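Residue numbers (this note's numbering), protein chains in the order written: chain A, 539 to 843; chain B, 2 to 254.
A virtual CB, placed ideally from N, CA and C, is assigned to each residue, including glycine.
Keep in mind that this is a model prediction, so the values were computed, not measured.
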Amino acid sequence: MSTDLSIEIGSLKLKNPVMLASGTVGYGNEISTFMDLSRIGAIVTKSVSLKPRKGNPPQRIVETPSGMLNAIGLANVGVEEFVKSKIPFLEKVHSTVICNIAASSVEEYVECARILDYEEVIKGFEINVSCPNVKEGGLIFGNDINAVGRITEKVRAVTDKPVIIKLSPNTSNISEFAKTAKEGGADAVSAINTLVGTSFDIYTRKPKIKNVTGGLSGPAIKPVALAKVLEISRCVDIPIIGIGGIMNWKDAVEFMICGAMAVQLGTVNFINPTAAIEIIEGINNYCKEMSVSSVKEIVASYHIQ
Amino acid sequence: MNIFKIPVLTNSKIAENTFLMKCHSPELAADMKPGQFCNIKVSESDYPLLRRPFSICDAEGNNIYFMFDVHGEGTRLLSRKKQGDLIDLIAPLGNGFGIDDDYDTAVLIAGGIGAAPFPYLTRILKGSKKIVTYIGGRSSELVLKYGLENFSTATDDGSEGFQGNVVQLFESKFEMLKSSDIKVFACGPNPMLRAVKNFCSERGINCEVSVECAMACGFGICQGCPIEKSEVDGSYLLVCKDGPVFNINDIVI
Ligand SMILES: Cc1cc2nc3c(=O)[nH]c(=O)nc-3n(C[C@H](O)[C@H](O)[C@H](O)COP(=O)(O)OP(=O)(O)OC[C@H]3O[C@@H](n4cnc5c(N)ncnc54)[C@H](O)[C@@H]3O)c2cc1C
Ligand SMILES: Cc1cc2nc3c(=O)[nH]c(=O)nc-3n(C[C@H](O)[C@H](O)[C@H](O)COP(=O)(O)O)c2cc1C
Ligand code: FES
């Protein structure tokens, strides 16, 4: 029996549920030396903003127990340069490309989506309303349910491509945000972005990253991410893309059981740049072992008394 | 650049806090250039999570060498690797030293474990360039001479060689070097590199430094390793991809 690994997110059809998370594979070129990107479900680009962003000064990252903090500050080349120098490569990889957009105003999100909507190779948008590392925008939107509603509606109005809203875990009621995204016309939500954290040197008494706080990612956040995915799954009828601390196929399957239609791999790409391929194979074997003919059967298949 | 799993041949203590690890890899021994580095997964578990970057110390025949100081948990685990253990690493990474410029004398300045990339550089330059090496350490036991030639030493406590830091030693010898066409290669802690940069840029000396910083991926996908450019254009350079070796005129240390 062969397993059907394909899934749908709104009108977006992916060959398998494994995607590469924004900010953890750049624009694809470096990681393509390790694996054939055409085998991946989708690749999500580093957040693109209307104007180029230099990002935060060093030190930007620090390792923490089974995780890492980052305060990259959305360093990116800006929409214009992205179209000029990054799209040509993305056109060649024969993978489904989702463009992640970050902005500091509703108008900026809309403007970015409008410009990028013309690009054939971009098959959908992921709207980052949840970056914890920039002073303006980002997390401020992520915590403001009305702003998330407005951003979703306004972006929805300028594109027919699938729109995914990437939610912040730094809020107590993530399912309300998911509901708002759905009402605003989003095709899916992705959860979670990083959790706000910090780390200090006890001898200098200084923060280990210049920005003082950063976003926590990696295996340390997996239980939190799973709980958020489960909460959305139980409260809102919308496709969920699960993200947070996935290191292997078992973690990916666990997210799907808790309600995720697809998953994204982040930090693991830094450590094992071929993880995505191994996880796709692992999910396939699991489906065979469980005698399921379509991977969709495991989505939200939890048993909770 | 690829993922390799290569066997350890020997791993031995060569100084108070320093290990020299020899691994078998004909491919990397042939491909890697002095100044490039490998990103090593020191444990099979999620702790420590990230890979750890190490310069290639030397390459000879089918083998490559790493020289490392035990610093925290990652390097402690690395120091325990034994003959036959497999090392999981991503390599070759980074740009490496610019060795082909027009100069006749290579001046190597090493501070502490900053000596790590120089045995290989020495091996490659030998025969075509004259080499003068300055090695610094806090005390005599911490001066790492492995694989280096024609060296003078400096110690902070004066227990060996010149008393003072290695840049002061270099400065004290500069009159002698001036008559030849030199290129300086330096590796060590940032304050040392800053002093080298100040001295060399004031005198227009051709100089490259190998810098260290925290890294997550080591190959350009995380943006975790920025370094300030001299030319202000609203972007940073990445130590892992644009470096770790930089001409002193290109960066702010
Ligand atoms: C390109 C490059 C080449 C290197 N080559 C060598 C070498 O040949 N020999 C050697 O002994 N060491 C070398 N280092 C330094 C070495 O990588 C660190 O000593 C090592 O990562 C320490 O790991 P640990 O777990 O023992 O220490 P810990 O302090 O417990 O953990 C290290 C953590 O701190 C971060 N970190 C590492 N280095 C720095 C830094 N300079 N500034 C800020 N944060 C940092 C890392 O991201 C890591 O997560 C090199 C570093 C770089 C960037
Ligand atoms: C270094 C780094 C940079 C990131 N940059 C972005 C970004 O630009 N946009 C975004 O939406 N998420 C960004 N993220 C968040 C990831 O996409 C992901 O949501 C998060 O890391 C949790 O997944 P993980 O535990 O698998 O890494 C970044 C994460 C890391 C570690
Ligand atoms: S360490 Fe990831 S980009 Fe340099």
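Test item: CB-CB of residue i and residue j under 8 Å
| i | j | result |
| --- | --- | --- |
| Phe-663 of chain A | Ala-217 of chain B | no |
| Gly-783 of chain A | Ala-763 of chain A | yes |
| Asn-614 of chain A | Lys-584 of chain A | yes |
| Leu-628 of chain A | Ile-747 of chain A | no |
| Leu-149 of chain B | Gly-138 of chain B | no |
| Ile-1 of chain B | Tyr-104 of chain B | Lying before the first or after the last residue shown, residue 1 of chain B is absent from chain B, which here runs from 2 to 254. |
| Asn-749 of chain A | Asn-708 of chain A | no |
| Val-1 of chain B | Val-133 of chain B | The structure shown does not extend to residue 1 of chain B, since chain B is modelled only from 2 through 254, so no value can be given for it. |
| Thr-797 of chain A | Val-767 of chain A | According to the sequence provided, residue 797 of chain A is Gly. The question's Thr does not apply to it. In this structure, Val-767 of chain A lies closer than 8 Å to Gly-797 of chain A by Cβ. |
| Ala-215 of chain B | Val-600 of chain A | yes |
| Thr-154 of chain B | Gly-165 of chain B | no |
| Lys-127 of chain B | Thr-106 of chain B | no |
| Pro-785 of chain A | Val-806 of chain A | Reading off the sequence, residue 785 of chain A comes out as Met, not Pro. In contact: Met-785 of chain A and Val-806 of chain A (Cβ atoms closer than 8 Å). |
| Val-621 of chain A | Glu-657 of chain A | yes |
Same chain, Cβ closer than 7 Å to residue i, five either side skipped, listed in chain order
| i | result |
| --- | --- |
| Leu-575 of chain A | Gly-566, Ile-581, Val-631, Ser-633 |
| Leu-194 of chain B | Ala-187, Val-210, Val-212, Ile-254 |
| Leu-94 of chain B | Met-2, Gln-37, Phe-38, Cys-39, Asn-40, Gly-219, Phe-220, Cys-241 |
| Gln-84 of chain B | Val-9, Leu-10, Thr-11 |
| Arg-652 of chain A | Val-696 |
| Asp-32 of chain B | Pro-93 |
| Ile-703 of chain A | Ile-665, Val-667, Val-686, Thr-690, Ala-719, Ala-724, Val-727 |
| Asn-191 of chain B | Ile-254 |
| Val-791 of chain A | Ile-821, Tyr-824, Ile-836 |
| Ile-683 of chain A | Glu-714, Phe-715, Thr-718 |
| Gly-561 of chain A | Lys-584, Ser-585, Ile-610 |
| Glu-45 of chain B | none |
Per-residue contacts from residue i into chain A (C-beta, under 8 Å)
| i | result |
| --- | --- |
| Cys-39 of chain B | Chain A residues near Cys-39 of chain B: none, gap ~14 Å exceeds 8 Å. |
| Gly-235 of chain B | Pro-590, Lys-592 |
Cβ shell of residue i (< 8 Å), same chain only, five flanking positions each side left out
| i | result |
| --- | --- |
| Gly-616 of chain A | Val-586, Ser-587, Leu-588, Lys-589, Pro-590, Arg-591 |
| Val-659 of chain A | Ile-625, Leu-628, Glu-629, Val-635 |
| Phe-508 of chain A | The shown model of chain A, from 539 to 843, leaves out residue 508 of chain A, and the question about it has no answer. |
| Asn-64 of chain B | Leu-10, Lys-23, Cys-24, His-25, Ser-26, Ala-30 |
| Leu-87 of chain B | Lys-6, Ile-7, Pro-8, Val-9 |
Beta-bridge partners of residue i, as assigned by DSSP
| i | result |
| --- | --- |
| His-25 of chain B | B:Asn-64 |
| Lys-6 of chain B | B:Asp-89 |
| Leu-109 of chain B | B:Thr-134, B:Phe-186 |
| Thr-602 of chain A | A:Gly-605 |
| Gly-752 of chain A | A:Gly-735 |
| Ser-56 of chain B | B:Phe-38 |
| Ala-532 of chain A | Any property of residue 532 of chain A remains undetermined from this structure, which presents chain A solely from 539 to 843. |
| Gln-169 of chain B | Answer is none; Gln-169 of chain B lacks a bridge partner. |
| Met-557 of chain A | A:Ala-580, A:Gln-802 |
Cross-chain neighbours of residue i in chain B, by beta carbon under 8 Å
| i | result |
| --- | --- |
| Gln-597 of chain A | Cys-214, Ala-215 |
| Met-606 of chain A | Leu-50, Leu-51, Ala-217 |
| Pro-757 of chain A | Asp-47, Leu-50 |
| Thr-562 of chain A | Ile-222, Cys-223 |
| Ile-610 of chain A | Cys-223, Gln-224, Gly-225 |
| Ala-719 of chain A | Those within 8 Å of Ala-719 of chain A in chain B number zero; the least Cβ separation is about 27 Å. |
Chain-ordered neighbours of residue i on chain A, where CB pairs are closer than 9 Å
| i | result |
| --- | --- |
| Ile-252 of chain B | The premise fails here: Ile-252 of chain B is roughly 12 Å from chain A at the closest Cβ pair, so nothing lies under 9 Å. |
| Ile-228 of chain B | Pro-596 |
| Lys-42 of chain B | Ile-809, Asn-810 |
Proximal chain B residues relative to residue i, where beta-carbon distance stays under 7 Å
| i | result |
| --- | --- |
| Ile-702 of chain A | Those within 7 Å of Ile-702 of chain A in chain B number zero; the least Cβ separation is about 21 Å. |
| Met-785 of chain A | Asp-47 |
| Asn-749 of chain A | Going along chain B, no residue has its Cβ under 7 Å from Asn-749 of chain A, so there is no contact; the nearest lies around 12 Å. |
| Pro-603 of chain A | Tyr-48 |
Proximal residues of chain B, C-beta to C-beta of residue i below 9 Å
| i | result |
| --- | --- |
| Val-600 of chain A | Ala-215 |
| Asn-807 of chain A | Cys-218, Ile-222, Cys-223 |
| Thr-812 of chain A | Ile-4 |
| Ala-790 of chain A | Residues of chain B passing the Cβ test: none, with the nearest at roughly 16 Å. |
Own chain residues within Cβ distance below 6 Å of residue i, not counting five before or after
| i | result |
| --- | --- |
| Ile-818 of chain A | Asn-554, Val-556 |
| Ser-160 of chain B | Ser-140, Ser-141 |
Chain-ordered neighbours of residue i on chain A, where CB pairs are closer than 7 Å
| i | result |
| --- | --- |
| Met-2 of chain B | Thr-571 |
Just to be sure I understand the criterion: a residue counts if its Cβ is closer than 7 Å to at least one heavy atom of ligand 3. Which residues meet that?
A:Phe-808, B:Met-216, B:Ala-217, B:Cys-218, B:Gly-219, B:Phe-220, B:Gly-221, B:Ile-222, B:Cys-223, B:Gln-224, B:Gly-225, B:Cys-226, B:Leu-239, B:Val-240, B:Cys-241, B:Lys-242
Between the region 620–651 of chain A and chain D, which residues of the former have CB atoms less than 8 Å from a CB of the latter, in chain order?
Judged by its chain identifiers, the structure shown contains no chain D, and its protein chains are A and B.
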